[in-house]
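Trainee: Here it is, the structure, as structure tokens.
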Amino acid sequence: MAKTSNLYARIEPEVKEQAETILSALGIPVSSAINMFYKQIILQRGIPFEMKLPTSHVPDVSQLTSRQLDAELETGYADIAAGRVRPAGEVFDSIRKDYGV
12 MAKTSNLYAR IEPEVKEQAE TILSALGIPV SSAINMFYKQ IILQRGIPFE
62 MKLPTSHVPD VSQLTSRQLD AELETGYADI AAGRVRPAGE VFDSIRKDYG
112 V
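Just so we're on the same page, this note's numbering is the position in the sequence shown counted from 1, plus 11.
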């Protein structure tokens, strides 16, 4: 059996739970996922995914005033009227990529 080394890390409980749920559904033990991540760091010679701030801002509707919400909706209506539309799947893929969700 290969020699192993212990790794201790502090992780936010919600992040840990969500990640472990996904890994469990995939049938991947947490230790294997961490080992894969470390191997990718070695292969990529850095973090194996893009790390950048989002280029755009998605408004938090709960923080908007009525006037700001109306302005956002009017912008959306104007885009539709001008034919500036994209398929919903494409939009959601873009949001997931930009905001890591």
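Beta carbons are placed, not taken as given, at the ideal position from N, Cα and C, and that holds for glycine.
Which runs of the alpha helix (DSSP H) spanning at least 4 residues fall entirely within the segment 35-84, listed in chain order?
Mentor: Segments of the alpha helix (DSSP H) lying fully in the segment 35-84: 41-55.
Trainee: Are the beta-carbon atoms of P70 and E85 separated by less than 8 Å?
Mentor: No. Outside cutoff.
Trainee: Identify whether V102 lies in helix, strand or coil by the three-state DSSP scheme.
Mentor: Note: V102 maps to helix in three-state DSSP.
Trainee: Who are the Cβ neighbours of I45 in its own chain at under 8 Å, not counting the five residues just before and after it?
Mentor: Hits under 8 Å: L18.
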